[in-house]
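Below is one structure, written out as C-alpha cells, with a few remarks after it.
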Amino acid sequence: MSKKIRTRFAPSPTGPLHMGGVRTALYCYLFAKKNQGDFILRIEDTDQTRFVPGAEQYIVDTLKWCGIEPNEGFEFGGNYGPYRQSERKAMYRKYAEELIEKGHAYYVFTSDDNWPTVKEELIKQGNPSPKYDNVTRQYLKNSLTLPADEVQKRLEAGEEYAIRYKMPRNEEVRFEDKIRSWVSFNTNQLDDKVLLKSDGMPTYHLANVVDDHLMEITDVVRGEEWLPSTPLHVKLYESFGWEMPSFSHLPLILKPDGKGKLSKRDGDRLGFPVFPLNWTDPETGEQSQGYRERGFLPDAFVNMLALLGWNPGTEQEIFTLEELVEAFSLERVGKSGARFDFEKTKWFNQQYIKSKSNEELALLTKEDFEKHKYEASVEKLAIICDLIKERATFLHEFPSLGYYFFEDVREYDTKNLVKKWDGTKEPFFMDLINSLNSLETFSAEEIETCVKTKMEAAGLGFGQVLPILRISITGTMQGPPVFSVMSLLGKSICSDRLHKGITLAKSL
RNA sequence: GCUCCGUUCGUCUAUCGGUUAGGACCUCAGGUUUUCAUCCUGGAAAGAGGGGUUCGAUUCCCCUACGGAGUACCA
C-alpha cells in the first residue's frame, strides 16, 4: 500500500490570484483527486513586506468559485496546520540550525555582512550576477571564516544573523520531473541561498521544503519559474535526510501576442480579464475585472484552463470537473508555454451556456435581469433564456438580448422597415391584428398558422411580411423566432406594438 | 553574460520511426434557419534551420537560431 497522495497549492498573498495560478491550483487538484488524494492550500506569506490585505480571502474565494476546494488548508481546516507560514515562524529556525549542526549551513551576521558591498563592486566590474557561493564565501565574513569561539560569543550575545545553505562544490544534482523527465544541474552554478532571513522568517526555499515534509506532501506541482531552484530543494531534502516528493513544473501561460508571460497589462491592453474574480487594489484603488463578473461560467473557465497546457490525447474538449479528474495526468501536460487565446475562451463559455438547462440559466441570470429592473418569475425567465441562449456568449448579455420582453422597443431598424413597407400592406396588417386578437391560446403555433393563412390569402410571401412583423415586435431583424416571442409577449402587447410599427412605417 | 527549459497550421494541440501530419478556435465558401445566432458540409492553414543515426525521420542524437524562466535576506 503506497502513501496517500497529497498535493498543495502554495500561493503568496501578494495580490489577486492570476489565472496562471488558478491553473496551477487546478492541476494540483486534478492530480490529487485522480489519485484519491488530498489537495491542500498553504499560504506562503514569509515576506511580510509584500502582504496585501484581502489577497488571502481572494484565493479562498477563487478556489470556491472554481469548484476546486481544498480538503484541508488555510480556511479549510485539517490536522497539519497552521497552514499560513507566518504562523509557523517559530519552527523554521530549529530546522535551519539542524542544518548548521550537520555542516550543511552557516551563519552570516548582519552587522558585518559585507556581501552587499562586495556584490555591488563585482557588478561594477562587469559580473552580471555575482553569487554568494562555494568560492566567494571563503572571502566573505560568515561563521565559516570567523574563528569558532567568536561565532559562539556573538551567538550568545544575541547578534542578528541570517543562515545560508552551504552548497557543495562540483556535484551533479539530478531529479526527475514528471513533465520534463530528467533534469540535471551542477552545484557550481548554484549559490548559497539564504534559508533563514535576519528577521527570523524563512525564505521560500526553507519553508517550502520543511512544510512539504511536515505536511507529508507527496507531489509538488508548481510553475516553471521554480525549476531553477529545485536543485537547491533537492539538496535540502538530502541534507535533512527526508524523503523527496515528486516534482512537476508547469509551463507558463504566455501573452496572446508578442513575447513573454501573460500579465495584467495584457488584459487591460487587449480587453480580457486575467483574474478570476473582480479585484480592487487596496493601495491604488485600481479595479480589475474578473472572469466571473465578465459573465463567464466557472465550469467554462476551468475547462479552458485545463486544456491550456494539458490534453487528454483524445478529441474531447468539453469536460465536467469530474471528467477532468478522470482524464487527467501530469504526463500529458505539455512542456512548452501556451499562448492564451481569448477567442477560444469565449467559445468555451458559449458552449457551456448552450448546454445549461433553461432553469439553470434563469437562476444564473436572474440577478443580471434584476440589475436592469427586469423582474420575472424563474419560470418565465427560463422561457426567455431558452429563446436567447444560443445568441449569448456571456451571462450578462441576457438582459440586453431579451430587453424587449420587459420594456418597449427602444430602437427600430427603420432602414429595413422602409425597404419592406409599402402603403398597400396596411389593410393586410390591420386585418392580421384583428385575427391575432381573436386567437384562443396565442401559442407560437397558433400565431404562425394564423399569419400563414392570412398571408396566403393575401398572396404575400414571408419575405414581405415577416420583417415588418419582426421589426414591429422587437425593433430588429435579428433574434429568436418571432412567433415564440409574440406568444410570450401576449396578445395585447403584440397588438400595441404592431399598431405602433405600422404607424412608424407609414411616417417614414 | 551564465544556468536550465522549450520549439508541429495565426492560436491550443494529436502523433510515442513508415499517416493524404488528425482535431478545436479563428478565417473563408456553401447549406439549413423568414432574420440573427445555433447547427451541418467543405476549403485555406504547420513539423525553425543545418548536420547526423536509419531502408525510412515531425518523431532519436548533435549544432545553430529563436523563445522562455531563473540568476534577491521575493515568492
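Here this note's numbering is used: the first residue of the first sequence is 729, the next is one more, and so on.
By construction, the Cβ of each residue, glycine as well, lies at the ideal position given by its N, Cα and C atoms.
What residues in its chain sit with their C-beta under 7 Å from that of residue i, if we drop five residues either side in the sequence?
i, result
"residue 882", "837"
"residue 750", "790, 794, 1004, 1033"
"residue 1132", "1202, 1203"
"residue 817", "928, 929"
"residue 1149", "1196, 1233"
"residue 801", "768, 769, 770, 811"
Please work out which residues of its chain come closer than 6 Å, Cβ to Cβ, to residue i, disregarding the five sequence neighbours upstream and downstream, and give them in chain order.
i, result
"residue 871", "834, 835, 879"
"residue 1068", "981, 984, 990"
"residue 1007", "744, 1016"
"residue 729", "Caution is warranted here: a pLDDT of 47 is assigned to residue 729, below 50, making its placement in the model unreliable, and no coordinate value can be reported."
"residue 1042", "none"
"residue 1128", "none"
"residue 832", "894, 967"
Report the CB separation of residue i from residue j in whole angstroms; it is logged as a contact under 8 Å.
i, j, result
"residue 768", "residue 799", "7 Å"
"residue 1045", "residue 1035", "6 Å"
"residue 976", "residue 907", "5 Å"
"residue 1183", "residue 1193", "5 Å"
"residue 901", "residue 913", "5 Å"
"residue 1121", "residue 1084", "Their Cβ separation, rounded to whole angstroms, is 13 Å, which puts residue 1121 and residue 1084 out of contact at 8 Å."
"residue 758", "residue 1047", "The Cβ separation is near 10 Å, so there is no contact."
"residue 973", "residue 1066", "Actually they do not touch by this definition, with Cβ atoms about 25 Å apart."
To the nearest angstrom, how far is the alpha carbon of residue i from that of residue j?
i, j, result
"residue 1211", "residue 1165", "14 Å"
"residue 820", "residue 1032", "39 Å"
"residue 841", "residue 869", "6 Å"
"residue 1170", "residue 1221", "12 Å"
"residue 1116", "residue 1000", "24 Å"
"residue 884", "residue 734", "41 Å"
"residue 1126", "residue 1096", "8 Å"
"residue 812", "residue 855", "38 Å"
"residue 988", "residue 787", "24 Å"
"residue 1037", "residue 847", "39 Å"
"residue 1105", "residue 754", "36 Å"
"residue 875", "residue 770", "40 Å"
"residue 824", "residue 891", "7 Å"
"residue 964", "residue 741", "25 Å"
"residue 1215", "residue 1113", "15 Å"
"residue 843", "residue 803", "40 Å"
"residue 762", "residue 1229", "60 Å"
"residue 764", "residue 1136", "55 Å"
"residue 920", "residue 893", "5 Å"
"residue 1160", "residue 1141", "21 Å"
"residue 1020", "residue 1076", "14 Å"
"residue 827", "residue 877", "19 Å"
"residue 865", "residue 1058", "39 Å"
"residue 748", "residue 849", "38 Å"
"residue 736", "residue 1061", "18 Å"
"residue 863", "residue 899", "14 Å"
"residue 1188", "residue 1088", "41 Å"
Bridge partners for residue i per DSSP, in chain order?
i, result
"residue 1186", "Beta-bridge pairing links residue 1186 to no other residue."
"residue 1168", "Partner(s): none; residue 1168 has no beta bridge."
"residue 805", "801"
"residue 1015", "1008"
"residue 948", "975"
"residue 981", "1066"
"residue 769", "737, 801"
"residue 893", "833"
"residue 1003", "1018"
"residue 900", "914"
For residue i, which option in the options has the closest C-alpha, if you only look at C-alpha atoms?
i, options, result
"residue 809", "741, 760, 940, 763", "940"
"residue 1080", "1123, 1038, 751, 1103", "1123"
"residue 935", "851, 960, 955", "960"
"residue 1200", "1174, 1216, 1179, 1231", "1231"
"residue 998", "1070, 1043, 1167", "1070"
"residue 1023", "1093, 972, 1083", "1093"
"residue 910", "1028, 843, 827, 958", "958"
"residue 927", "814, 1163, 1196, 1087", "814"
"residue 1030", "1050, 850, 828, 1058", "1050"
"residue 1195", "1226, 951, 1181", "1226"
"residue 1209", "1233, 1173, 1187", "1173"
"residue 778", "1109, 1180, 1011, 1129", "1011"
"residue 933", "775, 1157, 896, 792", "775"
"residue 1158", "1111, 1145, 1130, 1223", "1223"
Mind checking whether the beta-carbon of residue i lies closer than 7 Å to any heavy atom of the ligand ADP?
i, result
"residue 881", "Ligands are entirely absent from the displayed structure, and the ligand ADP is therefore not among its contents."
Under 8 Å Cβ to Cβ from residue i, same chain only, skipping five residues before and after it: list those, please.
i, result
"residue 839", "887, 888"
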